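Asks: Take a look at this one; I'll ask things after.
Chains as they are written, first to last, in the numbering used here: chain A, 1 to 435; chain B, 436 to 713.
Here it is as C-alpha cells:
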C-alpha cells in the first residue's frame, strides 16, 4: 500500500489557479466521496487552504492512483488538464510521507513556522473522519503528522521569534523594558501599521495609550478604540516625557520629532529608556535620535531587518526539523511495511511454528520412551495441525490484499497473534507510532 | 588527601559542573540545563561552606589568611550573592558569568600554596573575620554588578546598532539588567563601607592608629569614592543604564587593583609575610 499526494501550493501556483481548485469547507462530503469512489483509491483526505489544495490518498497502484487523482481534481472543478499543467505536483511512498510531514510541521509554508497550517490539516482530517473516507493508514499517518508537528514546535525554535513588523516591535520593547504593564504608548498620526502595532502592544500588557493627530477628531476616535487619551497635535511634545514607547506614522514631509527635543525629553525622564518606532516614509523622527543615550529608534527598514534576521533564524531551525522528520519517516515506514501481506503471512507462520516447536520439545523431554519413528509421526502431526489452521486465514489475507479493507485484516492478524512490527522477528514488539 | 583538600576539590568540581550546565543552557538554548545548574551551584555553596567549617575547626579563628584561602572565600561569597540575586531576578545567563568566575577563583586558589596556618596572634581578634567578611561580600557584589554592566553594554550595543547575535535571545531586558546593577551597588556599597570601617577599628587595636595611608587603604578609599559617586549619581541626578554600567565596570577594575594589584605591586601592611594577602 502506498500513500499518494497530489496537489498544488503557493510555491507552484498563483492565487488565480489556487482559487479555482479550492474546496469550500461547507461542501466537503461530495468531493471526499467521489474521491473515495475512484477505482485505484482506497482512502481519501482533502486539504484546502488559501495557500494549498492537496489530495491525500492510499493506493496499491501508484501510477493509476496519481492519474485518477489528477483527473478527479480537474473534473470536479470543470477544468481542462492543461489548465493545471505545470502547477500540480505528485508524490508517492516515502516522498509523499515526507511532504505531508513537512507541510504539517509548517516547513513548506510561505512563512516558515507559522502556526495555522497544522490546524487546517486537522480540520481537513476532521472532514475525512466525519465522512469516513480516511482508513487505517491515513488515520494513523495524519495522527503521526500531528505529533511530528508538535515535536518540531517544541524541539526547535522554529516559531520562537517574531516574523511580522508589529510583533518584532513588541519583542524589541521586551528587550528594553522588563514589563510592558506600567508603560505608556503614544501614537503619532494614524497609519494602519501604527494602529496594528499599538494593538499588539495593548494585547501584550500596555495599559496606557495616548493618541495625537493633526485632526483632533481622528485622534479622539482612535483613542476611544484603545481606551486611551487624545492629545492635541500642538501639545503632544509636552507629554512625551511620560511616554515610554512612541509609534509614529504621520504623512508629514519633515521630521515631527527633532533629536534636540528628544534630548530634553530624556532629561525630563531622568534618562529612563525610550523606544521610538518610526513607521512613516518619509521619516517622522530625526535618525540622529538613536545616538542619544537611552533612546532606541527603529524605522521601517530596521524592523524589516529584524524580521528578515528572524526568518533566517527560522530557516536554520528548519534544518533541525528536517532531521526530526527523517527520523519519523523511518519509523512510520516500518509500520507501513508490516501491512504487506507476504511478510505478515511469513511472520504468522513463524510465530505458530515456534509455538509448535517449543511444545514439541517439552513433550519429547517428558516422553523418553519414544523411538525415532514415533517422534517423526508426532512432528508431522503437529505440522499438519499448523498448516490446517493457517490455510484459511492465509487465503483470506491473500484475497483481502486486492480489496479495500485488506489493511484491516493484516493489522488484525498482527494484533491477534502479537506479530512484531518488524518483519524479521524482533525479540520484542516495538511500539513505534502507537499513539 | 585530607578532608579539607577533598572538600575543596569537590567544591571546585561541583562549580565546574554548574558552569557546564549554565553554558549548555545558554549556548544550546536549553533553559532546563540552566535551572539544574542553579541547584548544582547551591550544592557547591553548601559543600564550600562545609570546607570552611572543617578548616575553622582545624586552624581555629578565621581561615582566611593565605591567598589560597581568600580566593576560595571570595568565590564562595560570589556564589552566595549570585544565588540570592538569582532568587530575585531569575538570571540564568548571569550564572554563565558568575559560575565560571567562581571556578576561576577556585583554580587560582588551588594554584596558590595551601598552608593551614598557625594564626598570627595579630589576626586573632573578633574584628578580623568581620572585616574580611564585609570586604569580600562587598567585592562579590561589585563583581556581579560588573557582570550586569557588561551584559547591559552588550545588549545596548545590539539594540542601537540593530545587529543581533546569538546571545541576544538570552539576555534579560535592559531594565532588568539596570535593576540588577543597582541592587548589587546598593548591597555592595554598605558592605564595602563596613569593611573599611571595621578594618580601621581593627587596625587601631593592632597598630594603634585607625588609618595609616597604607597603599591598600588608599586604593580602597579611591574605589569607595568611585562607587559613592555612582550611587550618588543614581539617587540624585538619575544616572542609569549605560552610564551606570560603564561606571560599575570602571569601579570593578579599581577594585581588582585594590584586591590584587596593590599586593603584587605596592606592598604595605596588608601583606603579612610572603603568603598573606591583606
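All residues carry an ideal CB built from backbone N, CA and C; glycine is no exception.
Values in this document were obtained by computation on a predicted structure and should not be read as measured data.
(1) Taking C-beta to C-beta, are residue 185/A and residue 209/A nearer than 8 Å?
(2) Going by alpha carbons, who is nearest to residue 437/A out of 193/A, 272/A and 163/A?
(3) Taking residue 247/A as the reference, which of 254/A, 178/A, 173/A and 12/A has the closest Cα?
(4) Count the other CB atoms within 10 Å of the CB of residue 428/A; is the residue buried (16 or more) or exposed (fewer)?
(5) Out of 93/A, 250/A and 168/A, state which residue places its alpha-carbon closest to the alpha-carbon of residue 187/A.
(6) Specify the secondary structure class of residue 278/A as computed by DSSP and reduced to three states.
(7) Give me the DSSP bridge partner(s) of residue 54/A.
(8) Counting contacts by CB-CB distance shorter than 8 Å, is residue 676/B in contact with chain A?
(9) Residues of chain A with CB under 8 Å from residue 599/B, in chain order?
(10) Less than 8 Å between the beta carbons of residue 263/A and residue 609/B, yes or no?
(11) In chain order, what residues of the segment 654 to 673 of chain B put their CB closer than 7 Å to some CB of chain C?
(12) I want to know whether the segment 263 to 273 of chain A touches the segment 212 to 231 of chain A - three or more CB-CB distances under 8 Å.
(13) Name the chain A residues whose beta carbon is nearer than 7 Å to that of residue 611/B?
(14) By the criterion of Cβ-Cβ separation under 7 Å, what are the contact partners of residue 608/B in chain A?
(15) Report the CB separation of residue 587/B from residue 605/B in whole angstroms; it is logged as a contact under 8 Å.
(16) So, residue 479/B versus residue 529/B, is the Cβ gap smaller than 8 Å?
(17) In chain order, what residues of the same chain lie with their CB nearer than 8 Å to the CB of residue 451/B, ignoring the 5 residues before and after it?
(18) Determine the direct distance from the alpha carbon of residue 7/A to that of residue 465/B, and round the result to whole angstroms.
(19) List the DSSP bridge partners of residue 257/A.
(20) Identify every run of the alpha helix (DSSP H) within the segment 101 to 184 of chain A, keeping only runs that are complete inside it and at least 4 residues long; order them along the chain.
(21) Mapping DSSP to helix, strand and coil, what is residue 208/A?
(22) Give a yes or no on whether the C-beta atoms belonging to residue 133/A and residue 32/A are separated by under 8 Å.
(23) Taking Cβ positions, are residue 376/B and residue 623/B nearer each other than 8 Å?
(24) Do residue 97/A and residue 317/A have their C-beta atoms closer together than 8 Å?
(25) Ends of the beta strand (DSSP E) at residue 90/A?
(26) Run down chain B in chain order and give the residues with a C-beta less than 9 Å from the C-beta of residue 51/A.
(27) Helix or strand or just coil, what does DSSP make of residue 425/A?
(28) When you compare each of 38/A, 44/A, 40/A and 281/A to residue 301/A by their alpha carbons, which one comes out closest?
(29) Spell out whether any CB of chain A is found under 8 Å from the CB atom of residue 585/B.
(30) Using a Cβ cut-off of 8 Å (strictly closer), state whether residue 579/B contacts chain A.
(31) Show which residues of chain B have a CB atom less than 7 Å away from the CB atom of residue 153/A.
(32) Out of 191/A, 19/A and 372/A, point me to the one whose CA is closest to residue 277/A's CA.
(33) Counting only beta-carbon separations shorter than 8 Å, does residue 296/A have a partner in chain B?
(34) Between residue 517/B and residue 670/B, what straight-line distance do the alpha-carbon atoms span, to the nearest angstrom?
(35) Could you list the residues in the segment 200 to 215 of chain A with a C-beta less than 7 Å from some C-beta on chain B, going in chain order?
(36) Would you say residue 24/A lies against chain B (beta-carbon separation less than 8 Å)?
Replies: By the coordinates alone:
(1) Walking along the first chain from the start, residue 185/A turns up at place 185. Walking along the first chain from the start, residue 209/A turns up at place 209. It is a contact, given that the beta carbons lie within the stated cut-off.
(2) The structure shown does not extend to residue 437/A, since chain A is modelled only from 1 to 435, so the question has no answer here.
(3) Walking along the first chain from the start, residue 247/A turns up at place 247. It is 173/A.
(4) Residue numbering aside, residue 428/A sits at position 428 when the first chain is read from its first letter. Note that residue 428/A scores a pLDDT of 37, beneath 50, so its modelled location is shaky; the value from the coordinates is reported in the next line. By the 10 Å Cβ count, residue 428/A comes out exposed.
(5) As a first step, residue 187/A is located in the first chain; it is residue number 187 there, counting from the start. Nearest of 93/A, 250/A and 168/A to residue 187/A, Cα basis: 250/A.
(6) Looking up residue 278/A in the first chain gives position 278. Note: residue 278/A maps to strand in three-state DSSP.
(7) Position 54 of the first chain, counted from the first residue, corresponds to residue 54/A. Beta-bridge pairing links residue 54/A to 7/A and 47/A.
(8) For this step, residue 676/B is matched to residue 241 along the second chain. True, the Cβ-Cβ gap to chain A drops below 8 Å.
(9) Position 164 of the second chain, counted from the first residue, corresponds to residue 599/B. In chain order: 306 and 309.
(10) As a first step, residue 263/A is located in the first chain; it is residue number 263 there, counting from the start. As a first step, residue 609/B is located in the second chain; it is residue number 174 there, counting from the start. Cβ atoms of residue 263/A and residue 609/B: not closer than 8 Å.
(11) Of the protein chains in this structure, namely A and B, none is chain C.
(12) no
(13) Indexing the second chain from 1 puts residue 611/B at position 176. The contacting residues are 178.
(14) Locating residue 608/B in the second chain gives position 173, counting from the first residue. Within 7 Å Cβ-Cβ: 174, 175, 176, 177 and 178.
(15) The residue labelled residue 587/B in the question sits at position 152 within the second chain. The residue labelled residue 605/B in the question sits at position 170 within the second chain. Incorrect: roughly 14 Å between the Cβ atoms, too far for contact.
(16) Residue numbering aside, residue 479/B sits at position 44 when the second chain is read from its first letter. Residue numbering aside, residue 529/B sits at position 94 when the second chain is read from its first letter. Contact: no.
(17) Sequence index remark: in the second chain, residue 451/B carries index 16 (1-based). Contacts found: 538.
(18) In the second chain, counting from the first residue as 1, residue 465/B sits at position 30. In the first chain, counting from the first residue as 1, residue 7/A sits at position 7. Going by the C-alpha atoms only, they are around 38 Å apart.
(19) The residue labelled residue 257/A in the question sits at position 257 within the first chain. Beta-bridge pairing links residue 257/A to 285/A.
(20) Runs of the alpha helix (DSSP H) lying entirely within the segment 101 to 184 of chain A and spanning at least 4 residues, in chain order: 116 to 130, 136 to 155 and 165 to 176.
(21) Within the first chain, numbered from 1, the residue matching residue 208/A stands at position 208. Residue 208/A: strand per DSSP, three-state reduction.
(22) Looking up residue 133/A in the first chain gives position 133. Looking up residue 32/A in the first chain gives position 32. Yes, these two residues count as a Cβ contact at 8 Å.
(23) With chain B covering only 436 through 713, there is no way to say anything about residue 376/B.
(24) For the purposes of this step, residue 97/A is identified with residue 97 of the first chain, where counting begins at 1. For the purposes of this step, residue 317/A is identified with residue 317 of the first chain, where counting begins at 1. Going by C-beta atoms, residue 97/A is not nearer than 8 Å to residue 317/A.
(25) For the purposes of this step, residue 90/A is taken as residue 90 along the first chain, with counting starting at 1. Per DSSP, residue 90/A belongs to the beta strand (DSSP E) from 89 to 92.
(26) Position 51 of the first chain, counted from the first residue, corresponds to residue 51/A. The contacting residues do not exist; residue 51/A stays about 29 Å from chain B at best.
(27) Position 425 of the first chain holds residue 425/A. Per-residue confidence for residue 425/A stands at a pLDDT of 36, beneath the threshold of 50, marking its modelled position as unreliable; the derived number appears in the next sentence. Of the three classes helix, strand and coil, the one that applies to residue 425/A here is coil, per DSSP.
(28) Position 301 of the first chain, counted from the start, is the residue given in the question as residue 301/A. Among 38/A, 44/A, 40/A and 281/A, the Cα nearest to that of residue 301/A is on 281/A.
(29) Residue numbering aside, residue 585/B sits at position 150 when the second chain is read from its first letter. Not an interface residue.
(30) As a working mapping, residue 579/B is identified with position 144 in the second chain. It does not; no Cβ of chain A falls within 8 Å.
(31) Residue mapping note: residue 153/A aligns to position 153 of the first chain, counting from 1. Within 7 Å of the CB of residue 153/A, no CB atom of chain B is found; the nearest one sits about 14 Å away.
(32) Numbered from its first residue, the first chain carries residue 277/A at position 277. It is 191/A.
(33) Here the question's residue 296/A lines up with position 296 in the first chain. Yes - at least one Cβ of chain B is within 8 Å of the one on residue 296/A.
(34) Here residue 517/B refers to the residue found at position 82 of the second chain. Here residue 670/B refers to the residue found at position 235 of the second chain. Their backbone Cα atoms lie some 24 Å apart in a straight line.
(35) none
(36) Position 24 of the first chain, counted from the first residue, corresponds to residue 24/A. Not closer than 8 Å to any Cβ of chain B, the Cβ of residue 24/A fails to qualify, so no.
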